[in-house]
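Take a look at the structure below.
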Amino acid sequence: METSPARSNFIRDIIEDDLRVGRHQRIVTRFPPEPNGYLHIGHAKSICLNFGVARDYAGQCNMRFDDTNPEKESEEFERAIAEDVQWLGFSWDDRYFHASDYFEQLHDYAVHLIKAGLAYVDSQSAEEIRNARGTLTEPGRDSPWRARTVDENLALFARMRAGEFADGTHVLRAKIDMASPNINLRDPTIYRIRRTTHHRTGASWAIYPMYDYTHCISDALEGITHSLCTLEFEDHRPLYDWVLDQLPVPCHPRQIEFARLELNYTITSKRKLHALVHEGLVSGWDDPRLPTLKGLRRRGYPAAAIREFCERVGLTKKQTTIDMGVLETCVREDLDANAPRAMAVLDPVKLVIDNYPAELVESLPAANHPKNPDFGSREIAFSRELYIEREDFMEDPPKGFFRLGPGREVRLRYGYLVTCTHVEKNDAGEIIAIHCSYDPATRGGNAPDNRQVKGTIHWVSAATAVSTEVRLYDRLFTIPDPGSDDDFRIHLNPDSQRVLPAAQLEAALADAAPGASFQFERLGYFCADLREHAPGRPVFNRTVTLRDTWAKVQGKRD
Ligand code: ATP
Ligand code: MG
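Quick note: the sequence shown uses my numbering, first residue 10, plus one each step.
This is the structure we're talking about:
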């Protein structure tokens with residue numbers, strides 16, 4: 010599936026206008042993750058937007074790690090983020106940057122602000138600073154250190170940099186306006202002391218710049234034209250502009266905000282994702298139930314389906330929550346077109362065809378994609394003993410059940426018509442084998458006399474089938490908005506993962522490449538697990554069911 014052509018939106022309108030009037034010759038955007046966690050579906054929206062805009066207007070999009078918080082950041086996160094962006098299908102070419110690449114310049118600009126009387130060293134404690142900040146209705150109070158002289162500030166800032174002071178003893182603040190109605194402009198902190206090593210700059214720095222100060226300058230240094238960010242930064246825009254207005258930066262990018270992507274039945278807060286992973290509530294960052302890109306990938310979601318989803322949900326200024334079903338629809342559409350078909354039995358019961366020769370194994374042709382002959386066909390083994398799905402047989406079938414039952418005839422997909430003669434049970438009364446007779450004239454599944462056979466079921470040959478672990482996934486949470494509750498853990502769905510230890514697959518599937526996707530006929534889309542699937546031990550994950558059954562199931566549960 011090709012991602013559909015970009016739909017217009019308010020950001021594209023602004024960009025087209027800027028190009029038309031010649032405000033910019035070339036569009037430059039950036040994707041600025043903090044390397045303090047793994048990317049999730051919300052980040053995909055920002056990636057698709059920033060890289061997509063650059064692609065569509067023949068511009069460029071920079072990869073930039075916003076690495077100003079050394080305690081929480083790491084090389085591992087950075088690597089995983091870079092991999093995910095590439096997996097989503099985007100490239101930064103040689104424009105792979107870090108805010109830490111600019112630490113020296115950021116520092117020099119801070120000195121510039123101090124010299125211009127626009128920044129001062131405050132020696133209050135964090136709590137004192139907080140208490141003097143005021144509220145939405147009350148102005149803040151000036152710091153007793155606000156009137157320090159330029160020389161005093163320069164000397165103290167140099168000593169902060171040299172690592173002479175303990176964490177938290179001083180900060181550098183922009184001198185703006187403690188009475189501003191916008192709290193972000195009440196002398197925001199722009200540097201703090203953290204005598205800790207950084208995963209890229211090592212022990213070179215004892216002070217680190219704050220996000221609001223760093224981001225706008227990094228944008229300007231890279232010649233970003235449009236700095237696209239989420240709505241929570243709207244109130245920070247005056248600060249973004251203030252910093253750039255005071256400094257001799259090469260350009261002044263325009264910040265534009267858009268609504269975050271929120272999905273129901275899951276969480277995208279990094280803090281909560283960290284909690285799920287570190288408390289062992291999921292198996293890791295790539296647990297197929299997580300909305301992380303690593304998790305979605307392992308679940309079998311194609312990158313193209315995620316890109317299409319990001320296009321489809323569009324871009325607005327109004328916060329909404331998108332139904333998980335929308336994402337699943339994109340996944341289904343992609344896999345319907347691209348996944349070859351195969352047969353698998355999840356909950357097997359033996360079917361014995363008593364009039365089929367015991368030693369005979371026939372090879373029957375089966376289409377790899379009934380809607381697309383380009384996929385070709387394969388040969389599947391047919392023999393006297395098969396496995397079928399336990400739920401495809403009923404001893405006392407109700408009206409409307411067209412599958413197998415005593416005395417009934419069904420079509421074995423690509424095989425023969427078979428009629429049930431009797432069943433075999435164990436002492437506990439459970440069915441251990443269903444006995445049938447087959448009609449040799451119906452090879453391929455059609456009766457020469459065109460007699461009506463309503464039911465078609467899937468099967469695999471018992472002699473050649475490969476026993477496999479299959480994992481069925483469901484929503485990770487039981488309520489639509491688990492993120493709204495601090496105690497989100499109590500809403501975890503206990504049935505979000507079901508492991509079937511002994512599903513039976515067509516033999517060829519054991520050789521599937523890790524990550525390869527298939528439609529198991531009548532059952533859904535499945536992929537070979539990226540991490541654990543191996544030829545000797547196949548493991549498949551259900552990516553998504555064939556149809557959206559969620560709404561119906563929910564109705565029943567209520
Ligand atoms: P943090 O609270 O750590 O800042 P974050 O989710 O904003 O978390 P970043 O690494 O700062 O993480 O995000 C990188 C970029 O992705 C930012 O530009 C951010 O605005 C964007 N982004 C993050 N979450 C979403 C989301 N749910 N929808 C759209 N964009 C998002
Ligand atoms: Mg952020």
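All C-beta atoms, glycine included, are put in the ideal place defined by N, C-alpha and C.
May I ask you to list the residues that DSSP assigns as paired with Ser470?
Counted from its first residue, the sequence shown places residue 470 at position 461. Bridge partners of Ser470: Leu395.
Where do the N-terminal and C-terminal ends of the alpha helix (DSSP H) with Val94 fall, by residue?
In the sequence shown, the residue the question calls residue 94 occupies position 85. Where Val94 is concerned, the enclosing alpha helix (DSSP H) stretches over 84-96.
Just the Cα atoms here: how many angstroms apart are Glu87 and Thr329?
The residue labelled residue 87 in the question sits at position 78 within the sequence shown. The residue labelled residue 329 in the question sits at position 320 within the sequence shown. Roughly 29 Å separates the two Cα atoms.
Report yes or no: do three or more beta-carbon pairs, one from the region 23-30 and one from the region 306-319, lie closer than 8 Å?
no
Taking DSSP as the reference, what is the three-state secondary structure of Tyr423?
Mapped onto the sequence shown, residue 423 falls at position 414. Three-state result, Tyr423: coil.
For Pro209 versus Leu240, is the C-beta distance shorter than 8 Å?
Within the sequence shown, numbered from 1, the residue matching residue 209 stands at position 200. Within the sequence shown, numbered from 1, the residue matching residue 240 stands at position 231. The sequence given here has Arg at residue 209, not Pro. No, these two residues do not count as a Cβ contact at 8 Å.
For Tyr482, three-class secondary structure by DSSP:
For the purposes of this step, residue 482 is taken as residue 473 along the sequence shown, with counting starting at 1. Residue state, collapsed to three classes: strand.
Nearer than 7 Å: is that true of the beta carbon of Arg269 relative to any heavy atom of ligand 1?
Locating residue 269 in the sequence shown gives position 260, where the first residue counts as 1. Within the cutoff, so yes.
Beta carbon of Pro41: closer than 7 Å to some heavy atom of ligand 1?
Looking up residue 41 in the sequence shown gives position 32. Yes.
Do you know whose CA, among Tyr220, Arg280, Arg204, Tyr111, lies nearest Trp214's CA?
Taking the sequence shown and counting its residues from 1, the one referred to as residue 214 is at position 205. Checking every option, the nearest Cα to that of Trp214 belongs to Arg204.
Using a threshold of 8 Å, state whether the C-beta atoms of Ala119 and Phe174 are closer than that.
Locating residue 119 in the sequence shown gives position 110, counting from the first residue. Locating residue 174 in the sequence shown gives position 165, counting from the first residue. It is not a contact, given that the beta carbons lie outside the stated cut-off.
Check whether the Cβ atoms of Tyr423 and Leu501 lie closer than 8 Å to each other.
Stepping through the sequence shown from its first residue, residue 423 is reached at position 414. Stepping through the sequence shown from its first residue, residue 501 is reached at position 492. Not in contact: Tyr423 and Leu501 (Cβ atoms no closer than 8 Å).
Quick one: does the C-beta of Asn45 sit closer than 7 Å to a heavy atom of ligand 1?
Here residue 45 refers to the residue found at position 36 of the sequence shown. Yes, ligand 1 has a heavy atom inside 7 Å of this Cβ.
With distances taken Cα to Cα, identify the nearest neighbour of Tyr396 among Gln95, Asp495, Ala53, Ile440.
Reading the sequence shown from its first residue, position 387 is the one you call residue 396. Measuring from the Cα of Tyr396, the nearest candidate turns out to be Ile440.
Nearest-angstrom Cα separation, counted from Ser236 out to His570:
Limits of the chain in this structure are 10 at one end and 567 at the other, which puts residue 570 out of reach.
Let's see if you can read the secondary structure: which residues bound the beta strand (DSSP E) around Gly533?
Numbered from 1 along the sequence shown, position 524 holds the residue referred to as residue 533. Here the beta strand (DSSP E) through Gly533 covers 533-537.
With Gly126 and Lys184 assumed to form a contact (beta carbons below 8 Å), what rounded beta-carbon distance in angstroms separates them?
The residue you call residue 126 lines up with position 117 of the sequence shown. The residue you call residue 184 lines up with position 175 of the sequence shown. Gly126 to Lys184, Cβ: 7 Å. Contact.
Beta-carbon proximity check, Phe391 vs Glu404, cutoff 8 Å:
Within the sequence shown, residue 391 is the residue found at index 382, counting from 1. Within the sequence shown, residue 404 is the residue found at index 395, counting from 1. Not a contact, by the Cβ cut-off of 8 Å.
For the beta strand (DSSP E) containing Asp363, list its first residue and its last residue.
The residue you call residue 363 lines up with position 354 of the sequence shown. Where Asp363 is concerned, there is no enclosing beta strand (DSSP E), given that its DSSP letter is neither H nor E.
Quick check: Ile192 and Asn162, are their CB atoms within less than 8 Å of each other?
Here residue 192 corresponds to residue number 183 of the sequence shown, with the count starting at 1. Here residue 162 corresponds to residue number 153 of the sequence shown, with the count starting at 1. Contact flag unset, no.
Whole alpha helix (DSSP H) elements within the region 175-233, 4-residue minimum:
220-230
In this structure, does DSSP put Ser55 in helix, strand or coil?
Mapped onto the sequence shown, residue 55 falls at position 46. Three-state DSSP puts Ser55 in a helix.
Which partner residues of Arg263 appear in the DSSP bridge assignment?
Along the sequence shown, one-based indexing puts residue 263 at 254. Note: Arg263 sits in a beta bridge opposite His235.
Along the chain, where does the alpha helix (DSSP H) that runs through Glu137 open and close?
As a first step, residue 137 is located in the sequence shown; it is residue number 128 there, counting from the start. 135-140 is the span of the alpha helix (DSSP H), which, as asked, contains Glu137.
Complete alpha helix (DSSP H) runs within the region 256-300 (minimum length 4 residues, chain order):
279-287
Note the first and the last residue of the continuous beta strand (DSSP E) segment covering Thr325.
Mapped onto the sequence shown, residue 325 falls at position 316. No beta strand (DSSP E) contains Thr325, which DSSP labels as neither H nor E.
Ala376 - partner residues in DSSP beta bridges
Here residue 376 refers to the residue found at position 367 of the sequence shown. The partner list for Ala376 (beta bridge, DSSP) reads Ser386.
Buried or exposed: Val159, going by 16 or more other Cβ atoms within 10 Å of its Cβ?
Start at 1 with the first residue of the sequence shown, and residue 159 comes out as number 150. Result: exposed.
Residues bridged to Ile499 (per DSSP):
As a position in the sequence shown, residue 499 is number 490, starting the count at 1. According to DSSP, which records beta bridges pairwise, Ile499 is partnered with nothing at all.
When the Cα of Thr465 is compared with those of Ala108, Val419, Gln69, which residue comes out closest?
The residue you call residue 465 lines up with position 456 of the sequence shown. Ranking Ala108, Val419, Gln69 by Cα distance to Thr465 puts Val419 first.
Check whether the Cβ of Lys279 lies closer than 7 Å to any heavy atom of ligand 1, and answer yes or no.
Taking the sequence shown and counting its residues from 1, one reaches residue 279 at position 270. Yes; taking the cut-off as 7 Å, the Cβ of Lys279 has a heavy atom of ligand 1 nearer than that.
On a Cα-Cα basis, can you pick out the residue from Val479, Tyr249, Gly232, Glu243 that is closest to Pro197?
Along the sequence shown, read from residue 1 onward, the residue named residue 197 stands at position 188. Of the candidates Val479, Tyr249, Gly232, Glu243, the one whose C-alpha sits nearest the C-alpha of Pro197 is Tyr249.
Among Asp343, Asn59, Leu28, Phe19, which residue has its Cα nearest to the Cα of Pro42?
Numbered from its first residue, the sequence shown carries residue 42 at position 33. Pro42 has its Cα closest to that of Asn59, out of Asp343, Asn59, Leu28, Phe19.
Give me whichever residues DSSP pairs with Pro568 in a beta bridge.
Because residue 568 is not part of the residues shown, which for the chain are 10 to 567, the question remains open.
Quick check on DSSP: helix, strand or coil for Arg21?
Position 12 of the sequence shown, counting from 1, holds the residue named residue 21. If DSSP states are grouped into helix, strand and coil, Arg21 belongs with the helices.
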